[in-house]
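One structure is given here, and the rest of the page talks about it.
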Amino acid sequence: TAISASDLEKLQVLGHGNGGTVYKVRHKRTSTIYALKVVHGDSDSTTRRQIHREMEILRRTDSPYIVQCHGCFEKPSGEIAIAMEYMDLGTLDTLLKSNGTFSEAKLALVACQVLNGLSYLHAYNIIHRDIKPSNLLVNKNMEVKIADFGVSKIMCRTLDACNSYVGTCAYMSPERFDPETYGGNYNGYASDIWSLGLTLMELYMGHFPFLPAGQRPDWATLMCAICFGDPPSLPEGASDDFRSFVECCLQKESSKRWTAAQLLTHPFLTKDPETQ
Ligand code: ATP
Ligand code: MG
């Protein structure tokens with residue numbers, strides 16, 4: 043059922059992102075709680091482009107592993123808002139700060155859900171490009187969902203585009219359909235897997251794996267470490283399965299990195315932790 047903006051009453055601010063504010067809102071008639079992401083009419087063009095991209099992607103997606111969209115509103119003033127399902131435990135980042143580091147068993151549950159979300163997105167030619175603890179939402183059933191599609195990319199040559207060029211598309215080379223995959227060795231989908239690997243390490247260790255605990259990021263040093271150093275590895279005490287899983291995510295050569303579908307078959311996720 044469609045909801046309208048005037049039915050929603052703001053309860054509190056949940057968070058601020060670049061350019062927008064997310065509110066906890068209540069639907070007046072049904073009392074259903076939603077999260078409403080609002081971008082003001084006078085915001086800059088980058089912010090507006092991002093919220094439009096997010097709207098476009100949330101409209102296309104329908105998966106239990108991706109935050110659900112319940113309506114998009116554009117006011118004459120130029121204000122844009124997206125009503126999303128409310129995730130009552132916030133993000134994995136806030137959970138890390140309030141409850142401390144995650145056990146391997148919990149991380150296996152997190153990884154499994156995020157990978158289901160990524161495998162869905164990648165199958166629809168969408169690259170998220172900003173997977174990190176603060177963009178993964180959680181509710182009290184420990185359901186984890188991917189959010190925040192502001193910098194995501196929809197790979198444009200899909201079957202639909204192909205169908206609109208009937209007659210000529212059969213002769214088009216692979217790189218015309220999908221320049222980023224076939225036009226070089228840059229593989230955009232694999233970058234989401236790298237980010238997931240770092241996310242899981244951070245939730246396990248309690249700090250960003252490329253930096254010692256408590257150190258503030260200095261972009262130049264960090265970039266050198268990422269590009270020229272070895273990928274980070276888990277501290278002593280981590281299980282062999284978890285170590286191997288993270289290694290499969292953090293292959294520097296993107297073509298050697300496992301895909302979301304492959305990772306879903308990794309023993310770290312499929313082995314029953316009781317029998318280890
Ligand atoms: P950033 O640039 O920091 O990633 P952003 O502009 O992309 O932020 P979001 O990440 O979408 O904005 O949301 C900002 C904050 O609002 C989140 O960190 C989270 O705390 C809260 N939030 C967003 N969506 C929801 C939701 N569906 N349920 C509950 N809280 C949410
Ligand atoms: Mg965010």
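All letters in the sequence shown, in the order written, are residues 43 to 318 by UniProt numbering. Backbone N, C-alpha and C fix where the C-beta goes; we use that ideal spot for every residue, glycine too. What you are looking at is a predicted structure, and each value in this text was computed from that prediction instead of being measured.
*residue 57 (DSSP reduced to helix, strand or coil)*: Position 15 of the sequence shown, counting from 1, holds the residue named residue 57. Looking at residue 57 - three-state DSSP - the assignment turns out to be strand.
*Contact set for residue 313: own chain, Cβ-Cβ below 7 Å, skip 5 residues either direction*: Mapped onto the sequence shown, residue 313 falls at position 271. Within the same chain, residue 313 has close Cβ partners 283.
*Look up residue 208 in the DSSP assignment and say whether it is helix, strand or coil.*
Sequence index remark: in the sequence shown, residue 208 carries index 166 (1-based). Since pLDDT at residue 208 reaches only 38, below the 50 mark, its modelled position is unreliable, and no value is offered.
*For residue 97, name the three-state secondary structure that DSSP assigns.*
Here residue 97 corresponds to residue number 55 of the sequence shown, with the count starting at 1. Note: residue 97 maps to helix in three-state DSSP.
*asked:* Does residue 44 come out as helix, strand or coil in the three-state DSSP assignment?
replied: Within the sequence shown, the letter at position 2 stands for residue 44. Residue 44 falls in the coil class under three-state DSSP.
*asked:* Starting from residue 139, trace the alpha helix (DSSP H) in both directions and tell me its first and last residue.
replied: Sequence index remark: in the sequence shown, residue 139 carries index 97 (1-based). First-last of the alpha helix (DSSP H) with residue 139: 134-141.
*Give the range of the beta strand (DSSP E) segment to which residue 75 is assigned.*
Numbered from 1 along the sequence shown, position 33 holds the residue referred to as residue 75. It spans 75-81 - the beta strand (DSSP E) in which residue 75 sits, taken as one unbroken run.
*State the DSSP-derived secondary structure class of residue 148, mapped to helix, strand or coil.*
Position 106 of the sequence shown holds residue 148. Looking at residue 148 - three-state DSSP - the assignment turns out to be helix.
_By DSSP's criteria, residue 115 is part of a beta bridge. Which residues make up the other side?_
In the sequence shown, the residue the question calls residue 115 occupies position 73. Answer is 123, bridged to residue 115.
*asked:* Given this structure, state the Cα-to-Cα distance separating residue 64 from residue 108, to the nearest angstrom.
replied: Along the sequence shown, one-based indexing puts residue 64 at 22. Along the sequence shown, one-based indexing puts residue 108 at 66. In this structure, the alpha-carbon of residue 64 lies about 17 Å from that of residue 108.
*Just to check, is the beta-carbon of residue 129 closer than 7 Å to a non-hydrogen atom of the ligand ATP?*
As a first step, residue 129 is located in the sequence shown; it is residue number 87 there, counting from the start. Checking every heavy atom of the ligand ATP against the Cβ of residue 129, one is found closer than 7 Å.
*Confirm the yes/no value for this check: CB of residue 282, any heavy atom of the ligand MG, distance under 7 Å.*
In the sequence shown, counting from the first residue as 1, residue 282 sits at position 240. No.
_Touching by the beta-carbon criterion (3+ pairs, under 8 Å), the region 136-144 and the region 183-190_ = The answer is no - the region 183-190 does not touch the region 136-144, with fewer than three Cβ pairs under 8 Å.
*Confirm the yes/no value for this check: CB of residue 77, any heavy atom of the ligand ATP, distance under 7 Å.*
Along the sequence shown, read from residue 1 onward, the residue named residue 77 stands at position 35. Yes, the beta carbon of residue 77 sits closer than 7 Å to at least one heavy atom of the ligand ATP.
*Return the chain-ordered list of same chain residues with a C-beta closer than 7 Å to the C-beta of residue 244, the five sequence neighbours on each side being excluded.*
Position 202 of the sequence shown holds residue 244. 175, 250 and 251, listed in sequence order.
_Within the region 166-202, ranges of the alpha helix (DSSP H) (whole runs, at least 4 residues)_ = Listed in chain order, there is nothing to give.
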